[in-house]
Amino acid sequence: MGVGPPLFCGIGLDYASSVYNFSALDGEAEEPQLSDWFNPTKRPDVITTTNWLAPVIWEETYNRQVLEKYYKRLNITIGLVVWATGKFTGQHLKQFIQSANEHFMVGHNVIFYILMDDFSRLPPIELGPLRTFKPLTVLKDKMWEDFNVICMKNLNMYIVKYIQHEVDFLFSMSVNQIFKHEFGVETLGKSVAQLHAWWYFRNAQNFPYERRSKSTAFIPFGKGDFYYHSAIFGGTPYEVLTFTVEYQKGVTGDIENELVSTYECHLNKYFFINKPTKLLSPEYNWDPTFRTPPQIKHIKIAWQLKGI
356 MGVGPPLFCG IGLDYASSVY NFSALDGEAE EPQLSDWFNP TKRPDVITTT NWLAPVIWEE
416 TYNRQVLEKY YKRLNITIGL VVWATGKFTG QHLKQFIQSA NEHFMVGHNV IFYILMDDFS
476 RLPPIELGPL RTFKPLTVLK DKMWEDFNVI CMKNLNMYIV KYIQHEVDFL FSMSVNQIFK
536 HEFGVETLGK SVAQLHAWWY FRNAQNFPYE RRSKSTAFIP FGKGDFYYHS AIFGGTPYEV
596 LTFTVEYQKG VTGDIENELV STYECHLNKY FFINKPTKLL SPEYNWDPTF RTPPQIKHIK
656 IAWQLKGI
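Using this note's numbering, read the sequence shown as starting at 356 and increasing by one per residue.
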């Protein structure tokens, strides 16, 4: 198998890091300490703090009002990238945007970045105050067929060109989800990872990490912290950009070794090396086909049922 062309889109990471402006987050407001808004003792039934001292956000562990006061003074803008291509347009996209309009970062400036390959399938979108959307073209690459590679190339390009100058925090989400309750500022952080609903309650030895040692996504048996879901990840635009670069490096490395690993395995390897600063519990991304255990108290996002 030959090595494909360089994957990096547009301007590189070094340039992005030099121009990214954190001034919106450098205001006079003093950032609350973790103990000001997060109380892990409220949920002794679950893991609330990692061994690298990052909070795991569960219902009852956070005081959103403390964070609201802080972020309101900063007048932040949050971006939400959603991929709506192929069959995942129409009703999928309509339900995602309608529910996000109602529940995502209520009261804050929000930009929905809708990446599509066919704008004729964009449904009518009505948004509330402080919300806007920007449709962006998913640029294909005839040298690459892998959808996730194409997505990360596009996300890299659009962060560098537009997004880094427009938002303070950024999430990337799969479109086949529906917001059920408020997804608020308690989720904001430098680097945010989502715990996978299928794997949180299972033995870590069974996590579907990449186990082939020649893969750049390789995590040895006995290693690894959690299994993260690719349906949601986020952070500052710079941190999201960093992941797109590292993912593309990983794919290139696998091709050189004549391997193909999944996008989610590469995401898990990235967070294994670069520990997230905040983790979202499965309450933020739950599969409704599962029996809901008592630990899941307040579902923020549910997967859309197949067949919708």
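Think of the CB as a built atom: it goes at the ideal place given N, C-alpha and C, for glycine as much as any other residue.
Shown here, G577 sits in coil according to DSSP, grouped into three states, outside any helix or strand. Beta-bridge partners assigned by DSSP to I651: none are found.
Taking each of N418, I533 and V595 in turn and checking the Cα distance to H458, the smallest one comes out for I533. Nearest C-alpha to F576 among N503, P484 and F627: F627. For I654, same chain residues with a beta-carbon under 7 Å away, outside a window of 5 residues either side, are K535, H536, E638 and W641 in chain order. Assignment of E457 by DSSP, reduced to helix, strand and coil, places it in the helix class. Remark: C-beta atoms of P631 and S546 approach each other more closely than 8 Å.
In the DSSP secondary-structure assignment, T487 is bridged to I466. Apart from the 5 residues on each side of it in sequence, K397 sits with its Cβ closer than 7 Å to the Cβ of E415 and T416 in its chain, given in chain order. Bounds of the beta strand (DSSP E) holding Q549 are S546 to L550.
Per DSSP, T432 is one residue of the beta strand (DSSP E) stretching across T432 to A439. Per DSSP, Y417 lies in no alpha helix (DSSP H) and is assigned neither H nor E.
Beta-bridge analysis with DSSP links S616 to no other residue.
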